[in-house]
Structures are given as C-alpha cells and as structure tokens.
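K.L.:
My structure is below; once you've seen it, I'll send some questions.
4 protein chains.
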Amino acid sequence: MLKAAVVGATGIVGQQFLVALHNHPWIKVAALAASERSAGRAYKDALTDEKTGAFRWFCDEPAPAQMLSIPVQNAIEMDPTKVDVIFSAIESDQAKILEPKFAATTPVISTASAFRYEKDVPILIPGVNSAHAALLKEQQKARGWKGFITPDPNCTTIGMAVTLKPIFDAFGIRSVIMTSMQAMSGAGRSPGVLGLDILDNVIPYIVGEEEKVQKETQKILGGFSRGSIHPAKFLVSCTCTRVNVREGHTEAVFVSTEKSCEPADIARVMQDYNDPKVAGLPSAPKRMIVVNSDPFRPQPRLDRDAENGMATTVGRIRKDTALENGIKYMLVSHNTKMGAAKGAVLVAELLIKDGYIG
Amino acid sequence: MLKAAVVGATGIVGQQFLVALHNHPWIKVAALAASERSAGRAYKDALTDEKTGAFRWFCDEPAPAQMLSIPVQNAIEMDPTKVDVIFSAIESDQAKILEPKFAATTPVISTASAFRYEKDVPILIPGVNSAHAALLKEQQKARGWKGFITPDPNCTTIGMAVTLKPIFDAFGIRSVIMTSMQAMSGAGRSPGVLGLDILDNVIPYIVGEEEKVQKETQKILGGFSRGSIHPAKFLVSCTCTRVNVREGHTEAVFVSTEKSCEPADIARVMQDYNDPKVAGLPSAPKRMIVVNSDPFRPQPRLDRDAENGMATTVGRIRKDTALENGIKYMLVSHNTKMGAAKGAVLVAELLIKDGYIG
Amino acid sequence: MLKAAVVGATGIVGQQFLVALHNHPWIKVAALAASERSAGRAYKDALTDEKTGAFRWFCDEPAPAQMLSIPVQNAIEMDPTKVDVIFSAIESDQAKILEPKFAATTPVISTASAFRYEKDVPILIPGVNSAHAALLKEQQKARGWKGFITPDPNCTTIGMAVTLKPIFDAFGIRSVIMTSMQAMSGAGRSPGVLGLDILDNVIPYIVGEEEKVQKETQKILGGFSRGSIHPAKFLVSCTCTRVNVREGHTEAVFVSTEKSCEPADIARVMQDYNDPKVAGLPSAPKRMIVVNSDPFRPQPRLDRDAENGMATTVGRIRKDTALENGIKYMLVSHNTKMGAAKGAVLVAELLIKDGYIG
Amino acid sequence: MLKAAVVGATGIVGQQFLVALHNHPWIKVAALAASERSAGRAYKDALTDEKTGAFRWFCDEPAPAQMLSIPVQNAIEMDPTKVDVIFSAIESDQAKILEPKFAATTPVISTASAFRYEKDVPILIPGVNSAHAALLKEQQKARGWKGFITPDPNCTTIGMAVTLKPIFDAFGIRSVIMTSMQAMSGAGRSPGVLGLDILDNVIPYIVGEEEKVQKETQKILGGFSRGSIHPAKFLVSCTCTRVNVREGHTEAVFVSTEKSCEPADIARVMQDYNDPKVAGLPSAPKRMIVVNSDPFRPQPRLDRDAENGMATTVGRIRKDTALENGIKYMLVSHNTKMGAAKGAVLVAELLIKDGYIG
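Here is the structure:
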C-alpha cells in the first residue's frame, strides 16, 4: 500500500478525495493537511462548526469513519517525504507556492490549474493521453525535482476531450464549437453559486473557463514526441454557462471532421473506444464513453453517475447542418468525479502502474 | 377601435393574448373562443376549477377584469365575420382545420406552427422583415381568401433572427451555430415540463425545435421579390435544450460573417438597429436590441423583461476562435412576450398600420 | 419463492414496485398488468414512446433487465389465481373496482387510498401496528374473500406515525400539530407538479391530504381488540404543502404529551425504538428511526435515503413553547420508498412471515 | 423634503432602501455610507467589480440613476447631523457600535436586530402597534439622545404579527404555533444560501430565528402603558425553515383563540382590518391584509408582490382540529419589502407624520 497525503482536506474537493480513496486497494490516506485554522484538530473536529454544531461534510457519500480521527496538519508545514503521493485540492494561488515545494521530493497530483499551461507539465487523462506521462521525466530533469506536478484538466474540458479522442483518431478534426451548461458544484463553496442568483436563471459567464477549455483540449489531444507535447491543430471555441444543476456538466458539441463520416460511425468509434492501459485500474470505468440512443439523453441528473461518475455519456449524435463534415452531439460528464478528485486518483493509478509513483 | 377574437382563450397563450390586448389603443377584445368544454360559460367560470375552486389563470399579470364576464364561444362554431382580426392560440392540429376556415373572411394571426412553412405564408417579425407582409396578398389571391393566415415564428427563432438581422445587413452571414437553453413556459402546460424532470437537470431535446429554428431563420432573413420569399443562403445549425427557468430563452450564438468585423462593430450595429416602420407601434420596444456590456449578462431572470419583454438583450459579444470571421454572443429573449402573444399583437399593429387589417 | 403480480406496472409507482422486488429473496415478479393501452406488449415496449423513442422509466435505479421482456397484461383481464400476492399501484377510482375482484382469491397490497378508511381494513406499518394484521381475518370473514386488501398509509402519514409511536408508548399523546413540506414525487406524473408552478414557489394545498393524515394517524396508532381497531384518542391537525423537492417529505411536528418529558427522553425512545417482529424482514431498516443531532438535519436531499429509504430521520428535538408538555421536532421520510412501493413490500414480508400470504 | 442617509448602502438591504426611497415624496437620499473599502468612490463604482466589470446590483428594480453618482462615505466617519433620518442596513455587530453613535443626534431606523429586545426600544409595525412609538421618548430620556433607534421586526415576524392583530383584537389569543418556509433572500448574500445546498432540499434550521419570532410577536402585540410595553401573554412556538424560493416568506399558522370563532369571522376581521393612522402614508398598502379564497393561495411567487410587497396575503382559513378554539391559515409576506427596507421607510413615514422625525 502506498501512502498518500490529501492537502486541502477540509474543502469540498479534499472531501471528494477522501471518498475516492476510501477502501482503495493500492493507496492509503496517511496524512491530511489544510490551512492553519484547521491544523492540530482531528479531521472530524475540523469539519464541525463550533458555534452551531453543524458537520460541514459536503459529499453525498458518508465521511469515511476511519479518517475522522486523523489529525489535520498545517499544509505549509507538512513533510512531503513521509508519503508516496500527494493529492492537492488547494486553490491556484496557494498551489503556486506549495506544490513546487512538495514536488521537490514527492509526486503531486493536483486539481488546481496553477501549472496546467507550463511546457513541461502534462494534463493527463488516462485512456486519452496516457503517453504524455513521459513528460514528467522532462519536468523532473528541468526542475531538479524527485517528484513532479501533474494537474487534472478543467472539469469542463475532460468530457469533451474524452469524446473527441475517438473522433480525432478515426476521422481527424478541423474545428470544435461547444456550449456548456455547467453544474454549480464546479464553482465550489467559497463563495460558490448563490441560490438567489441561479434560481430561475442561467449565468452566461464563468471567468476564465472558456480559455482554459480551448487551450487544454488542444494540449490533451496533442502529440508527444522529442520530449514535448505538440498541441493539436484543430480550432476550438466555446461558451461556458452555469445552470441550476448540482452535479454533472452538460455540453452541446459541434465538430467539423477532416474525413466525412456519419452519426452511426461516430457512435461506433465512441462505443468501441477503450485504452488497454487503463482497463485494469481500480477507478477506471468499464466504458470510457456510454452512448445512449434515447433522444432525451444524456441528462445530468440521470447520467452523471454512469460508471460511478467515471464515464462520459453521449447522446443525440446527428449531422450538423452548418459545418463542413459536421457532426453534433450532447454529452454529460461528472465534474466532481471524473472531472476532479476521482479522476486524479485514476491518474495516480496509471502512474503507479507505469512506475512513476511508488 | 378594431374588434378582435381570441381563439384558444382559456389556455396559457390565450391568456397572454388577453394581457397583451388589455387597454390596447387600437384593438378591443370582442369575442373569446375555446373548446366545447368551456363554451357557454363566462370566461371567469371557464377558468375556475369546479372541484377545487382554483382559478386557473397563469400569467404574472392579473386577469383583465372586464374580460372575465365575456361568454366563451365554441371555437368551431365561432362566426369570424363578427371581428376584424383573430388571434389564434390553438394547437397545430386544430389550427390546420380552424385557421383556414377563419381566414376565408378574416385575418388570422397565429402562434401555431401549422402554416409557417408554406410558400405563400410569411413569418413576420416587425422590424426585421416587415416587407414580407406583401406575401399576404399572394396568399389571398392563391387561396381565394378575404382574410389570411400569418403565423408568429417559433419562440426560439425570434431572438436569434432579430439579432442576426443587423449583422446580416452590415457584414453578411455564412453560417450560424446556436445552442439554446429554453424556458419551461415554451412547453406550455399540457403536459408541459414536470418539476420532477427538470429539477437538478437539463433536458437535451425538444421535439422538432431545431428543424423549426433552422428553417425559419433562413425564411425570415430571406429576400422578398417577384411575389415570393427567397430564403437566406447562410447555413444554420442548432441544439435546443430545456433548463430550469420559467420564462426567457437564453441562446449561445456563434456566427461566421462574410466580411471581417470586430465585436465592437457588432455591438454598434445591434445597438443602432431600428426599423422606422415599427417605431410608432403601441407594442413596439424602443430598442429592438439591448446590448449589455456587463460580462455576466444577459441572464434570463434579469433581462427577459427588457422593454416589457419586447427587446432582445445581447451580451458577451466577442471573437470566435473556430469559425472564419467568427463572432460569438449570448442573447436572452422573452419567449412568451415577444416570442408569442405580444409579438403577434405587434404583427397585428404593423398590418393595421399598413392597411392589411381593418 | 412466492409469485407476485404488479398491477399498474407502467406507472411510476409500479416501476418502484419492480425496483423494490428486484432480486427479492422471497418474492418473484411473475406477472405485470396495466391498462388496455399497454396490454400485449413486452414491458420494455410498453415503456417506450413510439413517436420519440424515449424510454419512460422514472426511477433512479435502472429498470431490472429480466423484467423488460415480461408481457404486460390488461389489468381487468388478469387472472389473480396465478399469483400468491398482488401489488396494486393503480389510481383509487380503478382500485375500487379491481382490487375487490382480485381480493376474492388473492391478497392485495395497495398504495391506493380507496379502502383505507373502511372498518375491516387495516393500514399496516410493520413495526408500528403489526398486530392490526389480525383484522384481515375479519375482513375475509365479512366479505367472503380468500384474499384481502391491505392498503399502505398515505406517504405523509407514515413518517409521522412511525415517530409518534415511541412517544405514544412512553409518554402518551394529547395532540399533534404538523406542517408538511412535501416532495413533488408524491403527486405522481399525471399530471403531477409542473415545473412552471413549483419553481420559486410553495404550493400551500394538496387536495384531501390533510384529512387523510389526520384520520390515518389515529387509526394506525389505535388499539386492536375484539376484532376491530379503536382509533387513538389524541387530536391531530395538519397543514400540507408542496415544495420544490424531488423525493422526501419533510415535516415539522409539534406534540403535546400526556406525561411531561424532555427532548433527551424523546431522542432516547426514538433511537431505541424497534419491533422484533420486523427485525429479520428483508426490506426492514436496521433502525426504524435515525436521530441526527446536527441542528441542520434532517434535510430531504441528505436524509431521504437513510437505510435505503426505509428509516425516518428525526432532528431538532426541542421543547415546544406553546403546548402543554410540548415537544417539537423535524422529520424526513422517503415518500416513494417507505412511503409507497417499498413500504408495501415490507408489509408483504410481514404478512408472509405471519402466514397471511403464501 | 427631509434628508436621509442610508448606511450599509452597497449591500442588498441598502440597495433595497434606495429603491424604496426612489422618488419618495417626503424623503430625499442625501448621503450614502458603507465600509471603508467602498468609501471615497461614487456609488456606481463601489458596486462595480474591478476585476470582472460585473455590476453588483441585486434588486429586481433598476438602480435609481440619480443615486449612482453619490459619493460613498465611510460609515464610521459619517456626520449624522447632516441628515434628518438614518436608515441603517448594517449587520448587528456593527449596528451595536454605530447606531448609538448616530442616535445621539439623529433618528435611526434599522433592519438590524441589535437593539430589538431592549426595554426602551419599540419594534414598530405601522398599522399594528403605532402607539408604541411613544416609547421613543422614554428612550431619548433614558439615554440622553436627541435621536433614537427604532428597529424593524424580523422579516418572519412581521407577516404573522400583522395577521394576528385583528384576531387578537376581536377574539383574543391563547397560543400560536407556526411553521415558516422562508425565502433565500432572508439570508442575504454573505454568505447567503448556496444553490448547492438548497436545490432539491429544505433546510430545517435558521440560527436564532425561532427565538426572535416568538419574542417579537409578544412584544409587538403587547400593550403600552405607563411608559413601557407589556408583552402580550399568549404563547408562541415556531419552527423556521428555508425553502428554494427567492422572495416571500410562507407561514402555516395555527391559533387558539380566547373566544370561539368561525373561519368566516377570521376572514372578515382580517379583510376589514385597517389603521386610519397609516392610511395616508406614501408607502402604506391600501389593504394591510389581502384574503384570497382560492384554496391554492397564497403562494410566494404569486402573492409576495401584493400591494407592492406591503400587504400580507392570507388563505386557507379553516378550523383547526387539535387546538381549543383552533383556527389555521397560511400567509405570504414579502420579506424584503414590508419585511425590511420598505417596511422601515413606512415606519419613517409614520414617525414623520407624528412628529418624531423632522
């Protein structure tokens, strides 16, 4: 069993890490860290509001009982050498400071965007660009680290990248236009999305999101050669919005392919898509992509939990009427499972299997 | 004062007609008609549930007091010659039968889609394609009618067509890709959208909607010459979804223009857009298009009521990164004001002014 | 294995029966029946909308694969003697006609209210009034049936009755005042609650609900002697409302007890409450009542699924400041698990164990 | 015209004050104050997010144009002698410090609870306990102030107190039991209610709310004699919950009256209720209480805006079946109009008319 630390353990993403690592066959949570305010208290006490007695646990799954008594450390004082891997659930500002410190000695898998766009940092999605893991060696060389930093993609990128991959492989892609209807959980809890603002409403702007999705998609689907990633050449444009949904991002995707193809071809390559490198991993879905032929699917409430939140569900695959070789479809992807902590655990599993961790 | 009948008066669209015609300076509601079940009762009684006493009025505005005592007629027995114009709020199936019967003698303005796609039927949006009204004369000639049928566009088409019009005029359009997030009121009440289905959810399919929007947009922005409409040549593709919003359709629009232009150019032609033919009409908005520079706008709850629900609000105008000469923006349009009954009353006003009615 | 028929199998309650009976250790679904419209088709086909291809399955759990091919019978032609027990999920109007026909030969467990208030019909909640089952023998005698009808309580009654039981036993009850905030699923789907009506809203009236809860609570907690139920003497008053929640009824309960008691006493008798007759049944919760000390609990979204939806969760037990010996608390109970199909299956299990069925 | 300052002007309650005072016939907004962070900037700039350009205005009504250029002062440095009345929209902690400082020279009308429960402080509802205003003179004497502090009641108290008043006058009251379903706006915006927490949910606890409502109701309906308020003797018990509604508190009220009475009597005394002292005030509703006989009313979305949000709407008046001389009803009251800023402006109007201000 490898030992893991979860940094940012009291926040919602940190809690999701604990759920994702609960009863994990390869990894054991050995340390929890958070801000100074929580430090020195048992995890359970750190989550309990002193004034009201409320227990501030935000996952649908119960808090793993054995983790409640673990003492919370001050993240800036945590010794990274005591663990084999660090899951980082902290904000980007802090990540810029803390993650390099940890990475000097220990692998860091992060949900923060702080390092995503650096040349020597891959954005791994197991099953999509597993080969990019080799860039971690370049990173270690360049920075003189024993560990490394490997960040998750943005939660809106991941479902689109997963579903574009088999299209890209089979037919090539010229351009992608996407409009997202994103769940509130993507905004976290501080301040998060107010009920007053989202009730009976759509919020048409998520700061910085569109640029992230556009850039990350090209990087993730890029080739890897001579020690670096060569971003994919196709064009990407998106509009990202927030809707009154708790979990599960919905995306309307329009794709112009290089080679002409029919909706049935797209359905087939998506359904058949699978990466043998990922097949055996404990958190891997059986099917990366679930294609549903009911025209009223996918729906976030009904499909976000497909394969325990690790599959992307696709539906409404049909001809587009405006793009050359145009295809359009809808997808739903679980933004806080595959799109965050559980996806990061899957990355850890891939890196353990391939010898980068442990 | 012209005399109007509202057919389908007990349903939600019929009620919206009564609100739109309340205290109208040119038009007086002289007759109400509905199905046999309501016939013979005063309007107030027809809306009152006998078992529970509930008053089935669905508009935010109160029911106009003077209309409550009007007796409801059986629509299939109503004499159309007693009124100068008929507002039809019935389902398409019934519209196919009843509207031609009425149109033999009397102008019919309809929210049903039954006749929208026929060659001699315009889809009028005052301020956008007022000139298409001339097709009504061809219709009368071809069908031997004294009246005519002129249907409203689909509620999802209208906001997009209004905002594309100044772009089309100034820069030309090659293609349009649009994803809608539509309000529940667009689905009506029988059966409408169940709370169970839309809570915490997005419904990714609205039967027939996408085809309507694609076809209608080309027809509305088409030219009119030699007695017929020549649909615009640009390509249109959309994905239409339903979100948990009561009123106000939100649309993410991506446009490829013929001539290159900047977001500021688009904002300018939209803001300046105005049709002098429409300016004086009682229901016309002062501005057809409201451009809001706050990046978090438009939002359906905040912007649907702009100019009493008759303006389309646009925001987030920016460069598109996937289309040639690409521009993208968001819009909010009130689907049951400009997009239905009140929009139909505006059509009536245009046709009265231009001598087609009265 | 006993053979069961589910009547009303295509509706939402019928679907919930199939989920509740899926992989049941004692009962096997041998027949499905519905209206004439569905009759003659495989269950899967009966649920598939012919026009759109939509699959009309409404439970969160997937449709049990082995039931999809079962042919649906016409309920009015179904032979009740082919099964050992019938679960009836039909509307009250039909129940009045069909259930006696079935009961002539076969036990019927029903979610309809049609027979709830008849003298020789118990309203069973296993663990609360198991002894009332003996009334079924009187019913058989009186009506000359080999089978019987035993209806579930109203979904709003059940959580309150379960939590009042230990209070009643330990301290006696003078009066109960309750306000419910009920989930939309309680209204079913035809027509159900429209999203337009419940968004940003509370609906303060549910036809007939308050009278049902008041009457049923007294009957359920009544004594059984000399072949009949003697309704409990305490007074009950409620106000029933609908809120924008999918599943899980929330109730604010105010109780005046006979003997003085403290909140801690109430918590203790609730936590300790258990009926050994129910303990071994396959669908029985481990704890009938879960007491949560977090002051922000119970919440319907967080607590409705406690013990697979079969427990009632209680919180905020505190002194009441207006009633004599007043105690107040909140409860959440799953209206479509314990409160409907799964609760009916638990009744079946009790009756099997006690020899009334099979 | 009297000059007013609004303190806490950038927050949501402060904004509501500006809306309530917009075009007021007697009062002109002469000064705006907020925290140090906003001080020195024009009001418009203080509301504009520097990073994103978002305009942080939260009312449905537009921001009054003429107030946008008013410079915002630092509240702790504001000179109270420059204005005739101060509307305070600050948090209780700050109110404890700032309001006495202001009150030394100037009348303060506050939405904070800081001083509500002090002996020499009335909780005024014009039309209900206008006579309590005389206590302000005792307060001035006792504290040596030229001004005074008079706080609004809690937004949940006000609708109940208004509707209990005519019952109390006509029939006497023994006890009141109430369950509230409160709107999100009551929780403000920092942090307010998260969409993640309230979607598909009810939150059964609002810290401190129940105690406030219980105490304030007795104080408001208390008698005033010999220079002090004598709280009403009847008992009050409530359960306060939060539901997914933007504006408008819904309350289920159960009352035990001294004298027996029928629902029709209650409807009559409520409908007839009116205080001539209030009739002419600019913000006063024509009817304090609107009784709606539709059994599905009141609903917060439909009834919160009755009489511009200044009336309380009552429905479902019926016999209670558990209390002696029991009556039960539902009410909806606008928590941020009558229940906050606009209610405070009504208090100002009463105090101006009676010579306490100006």
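Protein chains in written order, with the working numbering: chain F, -13 to 344; chain P, -13 to 344; chain L, -13 to 344; chain G, -13 to 344. Note that the Cβ used here is the ideal one computed from N, Cα and C, for glycine as well. Given the structure is predicted, the values throughout are model-derived calculations rather than measurements.
1) Just checking, does the stretch 289 to 298 of chain P make contact with the stretch 260 to 274 of chain P on the three C-beta pairs under 8 Å criterion?
2) Kindly list, in the order they appear in chain P, the residues whose Cβ is closer than 8 Å to that of L/Asn321.
3) Express the C-alpha separation of P/Gly145 and F/Gln349 in angstroms, rounding to a whole number.
4) Hey, could you find the ends of the alpha helix (DSSP H) P/Gly145 is sitting in?
5) Among the residues of its own chain, which have a CB less than 8 Å from the CB of F/Pro11, if the five just before and after it don't count?
6) Under 8 Å Cβ-Cβ, which residues of chain L neighbour G/Thr165?
7) Could you check whether the Cβ of F/Gly39 sits closer than 7 Å to any Cβ belonging to chain L?
8) Counting beta carbon pairs with one atom in the stretch 32 to 43 of chain P and one in the stretch 70 to 88 of chain P, are three or more of them shorter than 8 Å?
9) Please decide whether L/Phe282 counts as near chain F, where near means a Cβ-Cβ distance under 7 Å.
10) Kindly indicate if chain F contains any beta-carbon less than 7 Å away from that of P/Ser246.
11) Taking only runs of the beta strand (DSSP E) that begin and end inside the stretch 82 to 120 of chain P, which ones reach a length of at least 3 residues, in chain order?
12) So, with DSSP's three-state summary, where would you put F/Gln285?
13) For F/Leu33 and chain G, any beta-carbon pair shorter than 7 Å?
14) Considering only C-alpha positions, which residue in the set G/Thr307, G/Thr236, G/Leu309 and G/Glu197 is nearest to G/Ala169?
15) Apart from the five residues on each side of it in sequence, which residues of its chain come closer than 8 Å, Cβ to Cβ, to G/Ala28?
16) CB F/Ile343 to CB F/Val71, shorter than 7 Å?
17) Confirm, please, whether the CB-CB distance from L/Asp138 to L/Thr97 is below 7 Å.
18) In angstroms with no decimal places, state the Cα-to-Cα distance between P/Leu309 and F/Leu207.
19) Starting from F/Thr236, follow the beta strand (DSSP E) in both directions and report where the run begins and ends.
20) Could you tell me how far apart the beta carbons of F/Thr143 and F/Lys198 are, in whole angstroms, since I believe they sit closer than 8 Å?
21) For a cutoff of 7 Å on Cβ pairs, would you count G/Leu182 as touching chain L?
22) When you compare the CB of F/Leu207 with every CB in chain P, is at least one pair closer than 7 Å?
23) Keeping to the same chain, check which residues put their C-beta closer than 7 Å to that of G/Gly133; ignore five residues upstream and five downstream.
24) Whole angstroms are fine: how far does the CA of L/Cys45 sit from the CA of G/Glu354?
25) When Cβ atoms are compared, which residues of the stretch 184 to 204 of chain L fall closer than 7 Å to chain F?
26) Apply the 10 Å Cβ neighbour rule to L/His216 and answer buried if 16 or more other Cβ atoms are within range, or exposed otherwise.
27) Could you confirm whether any beta carbon from chain L is found closer than 7 Å to the beta carbon of P/Met170?
28) Excluding five sequence neighbours on each side, which residues of the same chain lie with their C-beta closer than 8 Å to the C-beta of P/Asp155?
29) I want to know whether the stretch 166 to 183 of chain L touches the stretch 229 to 248 of chain L - three or more CB-CB distances under 8 Å.
30) Return the bridge partner residues of L/Asn60 from the DSSP annotation.
31) What does a CB cutoff of less than 6 Å around G/Met64 pick up in its chain, not counting 5 residues either side in sequence?
32) Would you kindly check if the distance between the Cβ of L/Val162 and the Cβ of P/Gly181 is under 7 Å?
33) Determine which residues of the stretch 39 to 57 of chain G have a Cβ less than 8 Å from any Cβ of chain L, and write them out in chain order.
34) If you measure beta-carbon to beta-carbon, which residues of the stretch 260 to 289 of chain P are closer than 8 Å to chain F?
35) Can you tell me the Cβ-Cβ gap for L/Met348 and L/Gly301, rounded? I've got them flagged as a contact below 8 Å.
36) Got a sec, what are the start and stop residues for the alpha helix (DSSP H) L/Val264 sits in?
P.N.:
For this structure:
1) Yes: the two stretches touch, three or more of their Cβ pairs being nearer than 8 Å.
2) Per Cβ cutoff of 8 Å: no residues; L/Asn321 is ~12 Å from chain P at best.
3) Here chain F covers residues -13 to 344 and nothing more, so residue 349 of chain F does not appear.
4) According to the DSSP assignment, P/Gly145 belongs to the alpha helix (DSSP H) that extends over Cys141 to Phe157.
5) Listed in chain order, the non-local C-beta contacts of F/Pro11 below 8 Å within the same chain comprise Pro268, local neighbours out to five positions each way being set aside.
6) Near G/Thr165 (Cβ distances below 8 Å), the residues of chain L are Thr165, Thr225 and Ala238.
7) Yes, F/Gly39 counts as interfacial toward chain L.
8) No: fewer than three Cβ pairs fall under 8 Å.
9) Taking 7 Å as the threshold, the shortest C-beta distance from L/Phe282 to chain F falls below it.
10) Among the residues facing chain F, P/Ser246 is not included, as its CB has no counterpart in that chain under 7 Å away.
11) List check, beta strand (DSSP E) in window: 94 to 96.
12) DSSP, reduced to helix, strand and coil, places F/Gln285 outside both helices and strands of the structure shown, so it counts as coil.
13) No, F/Leu33 lies away from the interface with chain G (no Cβ there is under 7 Å from its Cβ).
14) Closest option to G/Ala169, judged by alpha-carbon separation, among G/Thr307, G/Thr236, G/Leu309 and G/Glu197: G/Thr236.
15) Answer for G/Ala28: Leu54, Ser55, Ile56, Pro57 and Val58, listed in chain order.
16) Taking the C-beta atoms as reference points, F/Val71 is found nearer than 7 Å to F/Ile343.
17) Yes. Within cutoff.
18) In this model, P/Leu309 and F/Leu207 are separated by some 20 Å (Cα to Cα).
19) Following the DSSP letters along the chain, one finds F/Thr236 inside the beta strand (DSSP E) bounded by residues His235 to Thr243.
20) The pair is a contact, with the Cβ atoms about 7 Å apart (cut-off 8 Å).
21) Cβ-Cβ to chain L under 7 Å: no for G/Leu182.
22) Residue contact with chain P for F/Leu207: absent (no Cβ-Cβ distance below 7 Å to any residue of chain P).
23) Result list for G/Gly133: Phe88, Ala89, Ala90, Thr91, Thr92, Pro93 and Val94, in chain order.
24) Since the first residue of chain G shown is -13 and the last is 344, residue 354 of chain G is not available in this structure.
25) Residues Leu185 and Asp186.
26) So L/His216 counts as exposed.
27) For P/Met170, the nearest CB of chain L lies under 7 Å from its own CB, placing it at the interface with that chain.
28) Val255, listed in sequence order.
29) Because the criterion of three Cβ pairs below 8 Å is met, the stretch 166 to 183 of chain L and the stretch 229 to 248 of chain L touch.
30) DSSP lists L/Ala20 as the beta-bridge partner residues of L/Asn60.
31) Counting only Cβ-Cβ distances below 6 Å, and skipping sequence neighbours, we find Ala19.
32) In this structure, L/Val162 does not lie closer than 7 Å to P/Gly181 by Cβ.
33) Legend: CB atoms of the stretch 39 to 57 of chain G lying less than 8 Å from CB atoms of chain L are not found in any residue.
34) Only those residues of the stretch 260 to 289 of chain P whose C-beta falls short of 8 Å from the nearest C-beta of chain F are listed: Pro281, Phe282, Arg283, Pro284, Gln285, Pro286, Arg287 and Leu288.
35) Since the displayed chain L opens at -13 and closes at 344, residue 348 of chain L lies outside it and no answer follows.
36) Bounds of the alpha helix (DSSP H) holding L/Val264 are Pro262 to Ala265.
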